[in-house]
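Colleague: Supplied in structure tokens, the structure appears directly below.
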Amino acid sequence: MRVPSRSPGGRSGPTAASTAPARRLPGRPGPMQVTEPDLAAYREAVADLLVEVGALADAPSVAARQVLIDDRLREPALAAVLDATPQGFLGARETLLLEMARYQPNTRSSAQDLTALVRIYLLSRIDIMWWRDTPTFLTDDQVQGSTDLVDLEWLRRRDLLGFRYREQPANVVGRGWQAVRRRLRPDASPRTAGLLARRARREVVALLNDLAREFAAATPPGTPPLWVTSLTRSVEHQHRLRRLGYAAMLPSGHCVGYAMDVEMTWFARYGVRDTLAALLLERQQAGEINVIDEGQAWHVCLAPAAGRRLRRAYEVEMGL
């Protein structure tokens, strides 16, 4: 069943938004409203900053990088978003500088260099700004026991999912069997550890089902379905990933249940990676999601503006 059509969402304007309260129209009673940051201007400012960070990526440039970050983050387009996060401007700035100081490249991390780390951190702050008032899943037990999340396996067995995923093996036997399958058929599925928790918000399920339908309609017959490599995570698991060397940011949209990672690289072998990228960027432009290119997978976070529509879509699909 097709979900209701997407609304165009809030398209960003050409100028950076002010952090000051918006003016109230004469004769209109009621509370003043705060202008939302201009996300198009924010993303453009991040792209400009990354060019300069890349030019100062060598080890002797630590002091120069810090001066650059101190200066550029104060630009209105960047400061508006960072100030709207739970940490505020100063907390977000200090966290970024600390992440940069601790950065060590490794093969597991999606941040293959310092510039990528800065890009992932700054773009992920959009997620945090959006969901700043949403409680965080602190532990794995909270994820497993939350009534705000649904069990993907229950939905899959009833043929209610249009996308695929792999569950992370729970023991040594499972990990061994997964390793054997990879050796026998190395390209049969994406190279991913799988989901630790096969649980997701209803709105996220609706978004992924909708995206999976669009992807299937836009690609040749025989193309594998959309593949999701990560969904809801606890803060506990996020720290676990950080210890293993992954670029797992904190706070994170994954830890409130509204972020997901979508496989990209594997679809290049079918010639449809760019098709999937275009679908994701189209939804970002419509204000429905935030997208971060992390190489093998793209990080996607649902925007609050799309939540109500997608919750209704889930209920329609599930016959609720």
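In numbering that gives the first Met the number 0, the protein residues as written are 0 to 319.
Glycine included, each C-beta is placed from N, C-alpha and C at the ideal position.
1) Could you spell out where the beta strand (DSSP E) holding M248 opens and where it closes?
2) On the CB-based measure, 16 or more other CB atoms within 10 Å of its CB, does P134 come out buried or exposed?
3) Below 8 Å between beta carbons: does that hold for F162 and A211?
4) So N289 is in the beta strand (DSSP E); what residue range does that whole segment cover?
5) Taking buried to mean at least 16 other C-beta atoms within 10 Å of its own C-beta, is N208 buried or exposed?
6) Between the Cα of A40 and the Cα atoms of Q111, A76, L243 and G294, which residue gives the shortest distance?
7) Short of 7 Å in beta carbon distance, which residues of its chain neighbour T94, apart from the five on each side in sequence? Order them along the chain.
8) Which ranges would you report for the alpha helix (DSSP H) in the segment 29-117 if only whole runs of at least 4 residues count?
9) From this set, R157, M263, Y164 and R232, which residue's C-alpha is nearest S145's C-alpha?
10) Under 8 Å by Cβ, that's how I've got D139 and A196 pegged, so tell me the actual separation to the nearest angstrom.
11) Let me check one thing: in DSSP terms, what residues is W297 bridge-paired to?
12) CB-CB under 6 Å to R282, same chain, minus the five flanking residues each way: which ones, in chain order?
13) Under the rule that 16 or more other beta-carbon atoms within 10 Å means buried, what is T228, buried or exposed?
14) Is the beta carbon of A246 closer than 8 Å to that of G320?
15) Any idea which residues DSSP pairs A199 with across the strands?
16) So, with DSSP's three-state summary, where would you put S229?
17) Residues bridged to L194 by DSSP?
18) Between the alpha carbons of T106 and Q295, how many angstroms are there, rounded?
19) Which of helix, strand or coil does DSSP assign to V204?
20) Quick check: the Cα distance between E293 and R311, rounded to an integer number of angstroms?
21) Run through DSSP, which three-state label would D140 get?
22) Between L278 and W297, how many whole angstroms is the CB-CB distance? I'm expecting something under 8 Å.
23) Confirm, please, whether the CB-CB distance from L122 to V45 is below 8 Å.
24) Quick check: is the beta carbon of I125 nearer than 8 Å to any beta carbon in chain B?
25) Can you grab the Cα-Cα spacing for the pair D70 / T34, in whole Å?
26) Measure the C-alpha to C-alpha separation of D360 and A54 and round it to an integer number of angstroms.
27) Would the beta-carbon of I119 fall within 8 Å of that of V80?
28) So, with DSSP's three-state summary, where would you put L122?
Modeller: In this structure, then:
1) Position 249 of the sequence shown, counted from the start, is the residue given in the question as residue 248. No beta strand (DSSP E) contains M248, which DSSP labels as neither H nor E.
2) Taking the sequence shown and counting its residues from 1, one reaches residue 134 at position 135. It is exposed - the Cβ of P134 has fewer than 16 other Cβ atoms within 10 Å.
3) As a first step, residue 162 is located in the sequence shown; it is residue number 163 there, counting from the start. As a first step, residue 211 is located in the sequence shown; it is residue number 212 there, counting from the start. In this structure, A211 lies closer than 8 Å to F162 by Cβ.
4) Within the sequence shown, residue 289 is the residue found at index 290, counting from 1. From DSSP, the beta strand (DSSP E) with N289 extends over I288 to D292.
5) The sequence position of residue 208 within the sequence shown is 209, counting from 1. With 16 or more Cβ atoms within 10 Å of its Cβ, N208 is classed as buried.
6) Counting from 1 along the sequence shown, the entry for residue 40 is found at position 41. Per the Cα distances, A76.
7) Your numbering for residue 94 matches position 95 in the sequence shown. Q86.
8) 38-54, 61-71, 75-82 and 87-101
9) Mapped onto the sequence shown, residue 145 falls at position 146. Residue R232 is the option with its Cα nearest to S145.
10) For this step, residue 139 is matched to residue 140 along the sequence shown. For this step, residue 196 is matched to residue 197 along the sequence shown. With a Cβ gap of about 7 Å, D139 and A196 count as contacting.
11) Your numbering for residue 297 matches position 298 in the sequence shown. DSSP lists V261 and D292 as partners of W297.
12) For this step, residue 282 is matched to residue 283 along the sequence shown. Answer for R282: I288, listed in chain order.
13) Taking the first residue of the sequence shown as 1, we reach residue 228 at position 229. It counts as buried.
14) A query on residue 320 cannot be resolved here, the shown segment of the chain reaching from 0 to 319 and no further.
15) Along the sequence shown, read from residue 1 onward, the residue named residue 199 stands at position 200. BP columns for A199 point to V149.
16) Taking the sequence shown and counting its residues from 1, the one referred to as residue 229 is at position 230. If DSSP states are grouped into helix, strand and coil, S229 belongs with the strands.
17) Here residue 194 refers to the residue found at position 195 when the sequence shown is read from its first residue. Answer by DSSP bridge pairing, in chain order: E166.
18) What you label residue 106 is simply residue 107 of the sequence shown in a count that begins at 1. What you label residue 295 is simply residue 296 of the sequence shown in a count that begins at 1. Rounded to the nearest whole angstrom, the CA to CA distance from T106 to Q295 is 12 Å.
19) The residue labelled residue 204 in the question sits at position 205 within the sequence shown. Helix.
20) Counting from one through the sequence shown, the residue named residue 293 turns up at place 294. Counting from one through the sequence shown, the residue named residue 311 turns up at place 312. Near 30 Å, if we compare the C-alpha coordinates of R311 and E293.
21) Within the sequence shown, residue 140 is the residue found at index 141, counting from 1. The answer is helix: DSSP assigns D140 an H, G or I state.
22) Taking the first residue of the sequence shown as 1, we reach residue 278 at position 279. Taking the first residue of the sequence shown as 1, we reach residue 297 at position 298. With a Cβ gap of about 11 Å, L278 and W297 do not count as contacting.
23) Here residue 45 refers to the residue found at position 46 when the sequence shown is read from its first residue. Here residue 122 refers to the residue found at position 123 when the sequence shown is read from its first residue. Yes, these two residues count as a Cβ contact at 8 Å.
24) Although the question refers to chain B, the structure presented lacks it and comprises just one protein chain.
25) The residue labelled residue 70 in the question sits at position 71 within the sequence shown. The residue labelled residue 34 in the question sits at position 35 within the sequence shown. Answer to the nearest angstrom: the Cα atoms are 23 Å apart.
26) This structure gives no information on residue 360, because the portion of the chain shown stretches from 0 to 319.
27) In the sequence shown, the residue the question calls residue 119 occupies position 120. In the sequence shown, the residue the question calls residue 80 occupies position 81. The answer is no: Cβ separation not under 8 Å.
28) Residue mapping note: residue 122 aligns to position 123 of the sequence shown, counting from 1. DSSP places L122 in the helix class (H, G or I) of the three-state scheme.
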